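Asker: I'd like to ask some things about the structure below.
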Amino acid sequence: MLTQPRGVSQILARKVKCYSGALFWLKAISVPWVVFVLAAPSGVFGQTRFVPTEQEVVMSRSPRGAVSTAEQALRGQLSRWLANPRDQDLSIALAREAFLSAMADGDLRWLGTARQAMAPWWAASDLSADGFFLRGLIRQALHDFRGGLADLRLAIAKNPQRNEFWSWQFAVQMVQADYPQASETCNTIKTRFGQAEGDGCKAVLAYRTGDPAVAMRLLDQLLNHPDFQGVHAQNWLAFHRGEVRRIQGDATGAIRTWETHLKREPRNHSIRLALVTLLNSEKRYSEALAVNSDTFKSDSLLVQSIISHESLGNPQASHHRKDLELRLSTQDQRGDELIERPKIEYFLDIAKTPAQALPLAHKSWESQQEPADALLLLRASLETGDKKGVELIRKWQQKSGYEEPRLRNLLKQ
1268 MLTQPRGVSQ
1278 ILARKVKCYS
1288 GALFWLKAIS
1298 VPWVVFVLAA
1308 PSGVFGQTRF
1318 VPTEQEVVMS
1328 RSPRGAVSTA
1338 EQALRGQLSR
1348 WLANPRDQDL
1358 SIALAREAFL
1368 SAMADGDLRW
1378 LGTARQAMAP
1388 WWAASDLSAD
1398 GFFLRGLIRQ
1408 ALHDFRGGLA
1418 DLRLAIAKNP
1428 QRNEFWSWQF
1438 AVQMVQADYP
1448 QASETCNTIK
1458 TRFGQAEGDG
1468 CKAVLAYRTG
1478 DPAVAMRLLD
1488 QLLNHPDFQG
1498 VHAQNWLAFH
1508 RGEVRRIQGD
1518 ATGAIRTWET
1528 HLKREPRNHS
1538 IRLALVTLLN
1548 SEKRYSEALA
1558 VNSDTFKSDS
1568 LLVQSIISHE
1578 SLGNPQASHH
1588 RKDLELRLST
1598 QDQRGDELIE
1608 RPKIEYFLDI
1618 AKTPAQALPL
1628 AHKSWESQQE
1638 PADALLLLRA
1648 SLETGDKKGV
1658 ELIRKWQQKS
1668 GYEEPRLRNL
1678 LKQ
């Protein structure tokens, strides 16, 4: 986090996750807003990317029932924008709030709202730094990584002193497995914004390139850093400290870390999904269901719920499966071109049709190359005898140095 940048007296942090696989950490401060992006668990965003018209933009309910302060703020932004949808400042403000809500709760309907808010300026070349930044965030979430990076660079050119611009550039470079460029960006973050900011991206780069011990040491140091004591900064640290334990093979430690934190922050979608997924992989299905108990579920959490119920032989599995299949059918009918991880997981883990998962996993790998995507392509390739896919993941693993138990075991087959 920034150390009192430009006289800022209050720093709030909010950890969120975008579909592109970037787990970002937002610092909403008393001047504009700051997003610090790092890396994230698989499939937080499972809903279809739907771009509504101005008349179709509606307020989504919190998955946990109560309307939060953030949701109240979003309602206010939405009302102001509906009254004047061609006002650029109002549109940027709504796009920002909608995007953050989508990231925080894993509800992609808000990503569609963010896209609609920016529609009049989607091809504009004269935006403000914030305008280029917001458009870049939405583009990368829609898998237009080249366009997203171009907009982020334009934002940096207009204002190189905004660390969130550099941090998102780092995140997109990580998604595309461009580790040399990500490392260079991380060094720039450290030089411009201080040791703690640099250590944050360095920790993620370390465990994503085969050095989880270094990552844990840095994360432990940040745990006590004065700029990381806010609730949402602790959210971010809890996720990554659990993730490092998981890839080191310490499932018990990861589960303990995430369970403890989720009791304090029950609305945190990223940690909930990571915990439920790990509990299922450890065959602790009843515990996974207890954690995954919200009525509204993102597609990713719905996939995990079906896995839990089917493994226990519960009749609820049929109802949830029909729900998921209806969502996937709706996506197909709308002609959605983007490939969500939950769809690949559905074919692999629920429908048991790896031949349908394979082309989707290959196409997804072309745009983003993160550990979760590697596992999906590797699993689909092994189950269908696709040597090309196996070799792609083997080369990626050798290039990155990334290690985790399941990937290691699969590559031995």
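One gets my numbering by counting positions in the sequence shown from 1 and adding 1267 to each. All C-beta atoms in this analysis are idealised placements derived from N, C-alpha and C, irrespective of residue type, glycine included. Everything numeric in this text was worked out from a predicted model, so none of it was measured.
Taking a contact to mean a Cβ-Cβ separation below 7 Å, would you say Phe-1366 touches Ala-1381 in this structure?
Answerer: It is a contact, given that the beta carbons lie within the stated cut-off.
Asker: Is the distance from the Cβ of Ala-1641 to the Cβ of Ile-1660 below 7 Å?
Answerer: Yes, the pair counts as a contact, with Cβ atoms nearer than the cut-off.
Asker: Given this structure, state the Cα-to-Cα distance separating His-1492 from Pro-1621, to the nearest angstrom.
Answerer: Roughly 46 Å separates the two Cα atoms.
Asker: Would you please verify whether the beta carbon of Asp-1616 is less than 7 Å from any beta carbon of chain C?
Answerer: Note that chain C does not occur in the displayed structure, where there is just one protein chain.
Asker: Have a look at His-1499 and Asp-1411 and give me their C-alpha separation to the nearest angstrom.
Answerer: For His-1499 and Asp-1411, the distance between alpha carbons rounds to 28 Å.
Asker: Can the beta-carbon of Arg-1342 be found less than 7 Å from the beta-carbon of Leu-1357?
Answerer: For Arg-1342 and Leu-1357, no; Cβs fall outside 7 Å.
Asker: Would you list, in sequence order, the uninterrupted alpha helix (DSSP H) runs of no fewer than 4 residues that lie entirely inside the segment 1578 to 1660?
Answerer: Counting whole runs of 4 or more residues, the segment 1578 to 1660 contains the alpha helix (DSSP H) stretches 1583 to 1601, 1608 to 1612, 1621 to 1634 and 1638 to 1651.
Asker: Can you tell me which of Gln-1635, Ala-1362, Thr-1597 and Pro-1672 puts its alpha carbon nearest to the alpha carbon of Val-1439?
Answerer: Checking every option, the nearest Cα to that of Val-1439 belongs to Gln-1635.
Asker: Name the residue from Gln-1680, Ser-1578, Ile-1574 and Leu-1472 whose alpha carbon lies nearest to the alpha carbon of Leu-1591.
Answerer: Measuring from the Cα of Leu-1591, the nearest candidate turns out to be Ile-1574.
Asker: Starting from Pro-1427, trace the alpha helix (DSSP H) both ways and give me its first and last residue.
Answerer: Where Pro-1427 is concerned, there is no enclosing alpha helix (DSSP H), given that its DSSP letter is neither H nor E.
Asker: Is it true that the CB of Leu-1540 sits closer than 7 Å to the CB of Leu-1568?
Answerer: Cβ atoms of Leu-1568 and Leu-1540: closer than 7 Å.
Asker: Reducing DSSP to helix, strand and coil, say where Arg-1413 ends up.
Answerer: Of the three classes helix, strand and coil, the one that applies to Arg-1413 here is helix, per DSSP.
Asker: Does the segment 1576 to 1588 come close enough to the segment 1625 to 1632 that 3 or more CB-CB pairs lie under 8 Å?
Answerer: The answer is no - the segment 1576 to 1588 does not touch the segment 1625 to 1632, with fewer than three Cβ pairs under 8 Å.
Asker: Look at the alpha carbon of Tyr-1669 and the alpha carbon of Leu-1643, and state the distance between them as a whole number of angstroms.
Answerer: Taking the straight line from one Cα to the other gives about 15 Å.
Asker: Pick helix, strand or coil for Glu-1338, following the three-state DSSP scheme.
Answerer: In this structure, Glu-1338 counts as helix in the three-state DSSP scheme.
Asker: Just verifying my parser: in three-state terms, what is the DSSP assignment at Met-1385?
Answerer: Coil, per DSSP.
Asker: Decide if Glu-1431 is buried, meaning its Cβ has at least 16 other Cβ atoms within 10 Å, or exposed.
Answerer: So Glu-1431 ends up on the buried side.
Asker: Assign Ala-1463 to one of three DSSP states: helix, strand, or coil.
Answerer: Residue state, collapsed to three classes: helix.
Asker: At what residue ranges does the segment 1460 to 1506 contain a whole run of the alpha helix (DSSP H), taking only runs of 4 or more?
Answerer: List check, alpha helix (DSSP H) in window: 1462 to 1475 and 1479 to 1490.
Asker: Alpha carbon to alpha carbon, how far is Thr-1476 from Leu-1416?
Answerer: Thr-1476 and Leu-1416: Cα-Cα distance of roughly 22 Å.
Asker: Arg-1406 and Gly-1414 - do their beta-carbons sit closer together than 7 Å?
Answerer: Closer than 7 Å, so yes.
Asker: Please report the residue range of the alpha helix (DSSP H) in which Ser-1358 lies.
Answerer: 1355 to 1372 is the span of the alpha helix (DSSP H), which, as asked, contains Ser-1358.
Asker: Return yes when the C-beta of Ala-1647 is under 6 Å from any heavy atom of the ligand MG, and no when it is not.
Answerer: With respect to the ligand MG, the structure shown offers nothing to examine, as it has no ligands at all.
Asker: Compare the Cα-Cα distances from Glu-1510 to each of Ile-1611, Asp-1418, Ser-1565 and Val-1543 and report the closest residue.
Answerer: Comparing Cα-Cα distances from Glu-1510 to each of Ile-1611, Asp-1418, Ser-1565 and Val-1543, the minimum goes to Val-1543.
Asker: Anyone know if the C-beta pair for Leu-1504 and Leu-1486 falls short of 7 Å?
Answerer: Yes, the Cβ-Cβ distance between Leu-1504 and Leu-1486 is below 7 Å.
Asker: So, using beta-carbon positions, are Gln-1436 and Leu-1419 closer together than 7 Å?
Answerer: Yes, Cβ-Cβ distance for Gln-1436 and Leu-1419 is below 7 Å.
Asker: Could you pull out every residue in the same chain whose Cβ sits closer than 8 Å to the Cβ of Leu-1645, ignoring the five residues on either side in sequence?
Answerer: Hits under 8 Å: Gly-1656, Val-1657, Ile-1660, Leu-1674, Leu-1677 and Leu-1678.
Asker: Can you tell me where the alpha helix (DSSP H) holding Gln-1515 begins and where it ends?
Answerer: Premise fails: Gln-1515 is in no alpha helix (DSSP H) and is neither H nor E.
Asker: Nearest-angstrom Cα distance between Gln-1448 and Arg-1531?
Answerer: Spanning the two alpha carbons is a distance of roughly 36 Å.
Asker: For the alpha helix (DSSP H) that contains Phe-1399, what are its first and last residues?
Answerer: Phe-1399 -> alpha helix (DSSP H) spans 1396 to 1408.
Asker: Got a sec? Which residues, its chain only, sit under 6 Å from Glu-1612 by beta carbon, not counting five neighbours each side?
Answerer: Around Glu-1612: Val-1570.
Asker: Roughly how many angstroms lie between the CA atoms of Asp-1445 and Trp-1433, to the nearest whole one?
Answerer: Cα to Cα, Asp-1445 sits roughly 15 Å from Trp-1433.
Asker: By a C-beta neighbour count over all protein chains shown, 10 Å radius and 16 as the cutoff for buried, is Ser-1560 buried or exposed?
Answerer: So Ser-1560 counts as exposed.
Asker: Would a C-beta distance cut-off of 7 Å place Gln-1515 and Pro-1479 closer than the cut-off?
Answerer: Yes, these two residues count as a Cβ contact at 7 Å.
Asker: Is the beta carbon of Ala-1482 sitting closer than 7 Å to the one on Ala-1473?
Answerer: Cβ atoms of Ala-1482 and Ala-1473: closer than 7 Å.
Asker: Which class does Phe-1432 belong to by DSSP, given the choice of helix, strand or coil?
Answerer: In the structure shown, Phe-1432 sits in a helix (DSSP, three-state: H, G or I).
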